[in-house]
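The structure appears below as structure tokens.
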Amino acid sequence: MKDFNLDSTRIPKHVAIIMDGNGRWAKKKGEMRIYGHTNGVGSVREALTAAVEIGVEYLTLYAFSSENWNRPKEEISALMDLLVQSIYNEVDELNNKGVKLATIGDVHFLPASCQKALDEAKERTKKNSKITLILALSYSSRREISLAVQKMTNEVINGELDSKAINEDLISSYLSTSDYPDPELLIRTSGENRVSNFLMWQLAYTELYFTKILWPDFKKKNFYKEIFDYQKRERRFGKTSEQLIESNV
Ligand code: IPE
Ligand code: IPE
Ligand code: MG
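My numbering puts the sequence shown at residues 1151 to 1399.
What follows is the structure, given as structure tokens:
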């Protein structure tokens, strides 16, 4: 942090990360893909520690997409085992740091052992308030939106919801992220410049940061650098630059 003169008044409340490139990182080293995933856990620790240090309130990590179920069976089961193991290994440390664990996505599709580990860790950390760590697991943004539409439609049919009340805030309140503000910053590692079905509604005005670094190489200093870059950007929300300067004087 010392290397980057961060403005403490302009720290994003919510940062989201697409943690990508584990497979390529392992391949470069002549190892199996799971070796990359295992080493990615260290980068989760780095990102989380950096986020806590500068006062980010919500950190959402894309850990497993709905589309990732199409990967080879062995990779999926190794990833699920890694998730369980990491939760058990890290839960004390999460608690010490004041981290509250949460999830979005179809967590009920995960193996029972994962659900158990997640439920226990959520229960143990539920009173913490320093930062909320939101793991996106079996997550698909289009599915999340479809489920919200289904729910609203049923409520309209049952007379519980007036269709005229459907506006942007109401739609947000039907999403799995209803308790969280939209992310101000999205980071994606590994050089891929796409969103891959992640938080598409919530990212409407998010600053996007794509970096070539592969996820297992991601360190605290990378996180700070990206916050520093974010702070240099002008977020105009449709206005002109001059309007923003006027409203600041
Ligand atoms: C991200 O790394 C982790 C998950 C999607 C679970 P990848 O496994 O996608 O790594 P690459 O993109 O193949 O390098
Ligand atoms: C996105 O990474 C999902 C996660 C990081 C969990 P992928 O590696 O699955 O994305 P695509 O398929 O290359 O877009
Ligand atoms: Mg990938």
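Built from N, CA and C at the ideal position, the CB exists for glycine as well.
If you look at THR1199, you'll find it in the alpha helix (DSSP H) that goes 1183-1204.
For LEU1325, there is no enclosing beta strand (DSSP E), since its DSSP letter is neither H nor E. Between ASN1245 and ARG1274, the alpha-carbon positions lie close to 8 Å from each other. Contact between PRO1366 and ASN1218 is ruled out by a C-beta separation of about 17 Å, above the 8 Å threshold.
Taking the Cβ of PHE1214 as the reference point, at least one heavy atom of ligand 1 falls within a distance shorter than 8 Å.
Following the DSSP letters along the chain, one finds PHE1373 inside the alpha helix (DSSP H) bounded by residues 1370-1382. In the DSSP assignment, VAL1165 forms a beta bridge with LEU1209, LEU1335.
Here GLN1393 is exposed. Its C-beta has fewer than 16 other C-beta atoms within 10 Å. Boundaries for THR1390: no alpha helix (DSSP H) harbours it, and the DSSP string shows neither H nor E there. The three-state secondary structure of GLU1357, taken from DSSP, is strand.
Judged by DSSP secondary structure, TYR1330 falls outside any alpha helix (DSSP H); it is assigned neither H nor E. Between ligand 3 and GLU1273, a heavy atom-to-CB distance of less than 8 Å is absent. Less than 9 Å separates the beta-carbon of GLU1207 from that of LYS1163.
Per DSSP, the unbroken beta strand (DSSP E) holding ALA1286 starts and ends at 1281-1289.
Distances from the CB of ASP1319 to the heavy atoms of ligand 3 are all 8 Å or more. Per DSSP, reduced to three states, the secondary structure at LYS1178 is helical. Going by DSSP, THR1159 is part of no beta strand (DSSP E) at all; its letter is neither H nor E. Here the residues close to ligand 1, judged by CB distance below 5 Å to any of its heavy atoms, are ASP1170, GLY1171, ASN1172, GLY1173, ARG1174 in chain order.
The beta carbon of SER1288 sits no closer than 8 Å to any heavy atom of ligand 3. At least one heavy atom of ligand 3 lies closer than 8 Å to the C-beta of GLU1342.
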